[in-house]
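Using the numbering used here, the letters of the sequence shown correspond one by one to residues 253 to 539. Following: one structure in C-alpha cells, then a few remarks.
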Amino acid sequence: MPIITRFAPSPTGWLHLGHAYAALFAEQKARQNSGRFLLRLEDIDGTRARPEYETALFDDLRWLGLTWEQPVLRQSDHAQDYRRALDELAALELLYPCFCTRREIQEEIAQAAQAPHGPDGALYPGTCRNRSVVERTERIAAGQPYALRLDVAKAIALAGHGLTWEDGNRGLQRAEPAVFGDVVLARKDTPASYHLAVVVDDARQGITLVTRGEDLFEATHLHRLLQELLKLPVPQWHHHRLIADENGRRLAKRDNARSLRTLRDEGWTAARVREVLEVESAQHQNS
Numbered sequence: 253m254p255i256i257t258r259f260a261p262s263p264t265g266w267l268h269l270g271h272a273y274a275a276l277f278a279e280q281k282a283r284q285n286s287g288r289f290l291l292r293l294e295d296i297d298g299t300r301a302r303p304e305y306e307t308a309l310f311d312d313l314r315w316l317g318l319t320w321e322q323p324v325l326r327q328s329d330h331a332q333d334y335r336r337a338l339d340e341l342a343a344l345e346l347l348y349p350c351f352c353t354r355r356e357i358q359e360e361i362a363q364a365a366q367a368p369h370g371p372d373g374a375l376y377p378g379t380c381r382n383r384s385v386v387e388r389t390e391r392i393a394a395g396q397p398y399a400l401r402l403d404v405a406k407a408i409a410l411a412g413h414g415l416t417w418e419d420g421n422r423g424l425q426r427a428e429p430a431v432f433g434d435v436v437l438a439r440k441d442t443p444a445s446y447h448l449a450v451v452v453d454d455a456r457q458g459i460t461l462v463t464r465g466e467d468l469f470e471a472t473h474l475h476r477l478l479q480e481l482l483k484l485p486v487p488q489w490h491h492h493r494l495i496a497d498e499n500g501r502r503l504a505k506r507d508n509a510r511s512l513r514t515l516r517d518e519g520w521t522a523a524r525v526r527e528v529l530e531v532e533s534a535q536h537q538n539s
C-alpha cells in the first residue's frame, strides 16, 4: 500500500518547535516512500479555534518548506460523519448518556477507597452506566445536559480481546482499551471527542501511517477498538519523540517563547529550525 501520512494541528494557538518536528517527520516518512503528505485542521472545538491561528499555521508550514495536497480537510465541515459514527455505536448499544458534572465525578472518585486510574488519571466510576431507560429519557426531555460515553466493557466483548497494531517504534502491540474506562465520545458543544474524530478522519483521508508524538501512544489502544467497532481500515502507527524545552518539559502552545512565530521574528531561518531538530533527534536516538 502507498504511504499516506498527515499532520493534524488544531488552530487554537501558535505552532512551536514540537509541531515543526511532527510535521517534518510525517512529511519525511511520505517523501522517503514516494507517498502522500496530507494536512488536516482539527478545528472541531469552536470555542478555541481562531482564524488568526489558522492563517499563522499555514504561514509557518510554508515557511518550513512544506507543501500538501488540496483541499485541506477541516473537522468543522464533517460533523455529519461523526454523527453517523455515533449512530453506528448507538445501534450496537455501546453508548449511554452521562449527566455527571466534572465536580460530581471528582467527588465520587474521592469517596472511593481505591479508584482505578488510566493514562488520563482516575477512570470514570460508571455512575450513569446503569441508569434506567426511563430515567435517561426523562432527564434528556427535561433538557439536562449530557455527554455520550462508550461502554468499554461491552465494546471489548463485542470486538474481542485480540486486537493488535503495528508501531514503527515499538513493534507489534496488543490493544488494551480498558485502560481508558468509559470515555466520552461526544458532548453537547462538541460533536465528537478527539478519540472518535481522529479515527473517522484518518479513515476518510485514507491514512496508512499515523505519525504522532509519544504522548498519544496510549490513546492508540482506544483508537484500535473504535476502528474495529466501526469497521474502519487499520493503519500503521509511528509514535515519535517529543521536543522539550531547556528544562525537559514538553512544549505547549502557551509557551510562546518557542513558537515558530517568535523564532521567525528573532531571525531564525527554516534551515536553522531543521538543523536544530535534526541535532535533537540524533541526540535522543543516541541517549
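Ideal Cβ positions, reconstructed from N, Cα and C, are used throughout, including at glycine. As the structure is a computational prediction, the values presented were derived from the model and not from experiment.
{"Check": "Straight-line gap, valine 431 to aspartate 517 (C-alpha atoms, nearest Å)", "Outcome": "43 Å"}
{"Check": "Test item: CB-CB of aspartate 295 and serine 262 under 8 Å", "Outcome": "yes"}
{"Check": "From Thr353, Gly433, Trp320, residue whose alpha carbon lies closest to that of tyrosine 376", "Outcome": "Gly433"}
{"Check": "Histidine 490 and proline 429 closer than 8 Å at C-beta", "Outcome": "no"}
{"Check": "Tryptophan 315: first and last residue of the uninterrupted alpha helix (DSSP H) it sits in", "Outcome": "303-315"}
{"Check": "Asparagine 286 in three-state terms, based on DSSP", "Outcome": "For clarity, residue 286 is serine in the given sequence; the question names asparagine instead. Three-state DSSP puts serine 286 in coil, outside helix and strand."}
{"Check": "Among Leu316, Leu290, Arg326, nearest to proline 303 - alpha-carbon criterion", "Outcome": "Arg326"}
{"Check": "Classification of valine 531 by the beta-carbon crowding that lies within 10 angstroms, buried from 16 upward", "Outcome": "exposed"}
{"Check": "4 or more residues per run - each alpha helix (DSSP H) lying fully within the region 462-490", "Outcome": "471-481"}
{"Check": "Span of the beta strand (DSSP E), counted from its first residue to its last, around threonine 389", "Outcome": "Note, threonine 389: premise wrong, no beta strand (DSSP E); alpha helix (DSSP H) at 385-393."}
{"Check": "Given 8 Å, three or more beta-carbon pairs between the region 434-454 and the region 397-404", "Outcome": "yes"}
{"Check": "Coil, strand or helix - glutamine 322 by DSSP", "Outcome": "coil"}
{"Check": "Local conformation of tyrosine 348 per DSSP, three classes", "Outcome": "strand"}
{"Check": "Pairwise C-alpha distance: arginine 354 and leucine 290", "Outcome": "36 Å"}
{"Check": "Which residues DSSP lists as bridging glutamine 425, in chain order", "Outcome": "Trp417"}
{"Check": "Simplified DSSP assignment, three categories, for isoleucine 256", "Outcome": "strand"}
{"Check": "Contact set for glutamate 480: own chain, Cβ-Cβ below 7 Å, skip 5 residues either direction", "Outcome": "Ala411, Leu415"}
{"Check": "Alanine 272 in three-state terms, based on DSSP", "Outcome": "helix"}
{"Check": "For glycine 423, the nearest candidate out of His492, Lys406, Thr389 (CA to CA)", "Outcome": "His492"}
{"Check": "Close Cβ partners of glycine 465 (< 8 Å) along its chain, the five nearest in sequence each way excluded", "Outcome": "Gly270, Ala274, His491, His492, Arg493, Leu494"}
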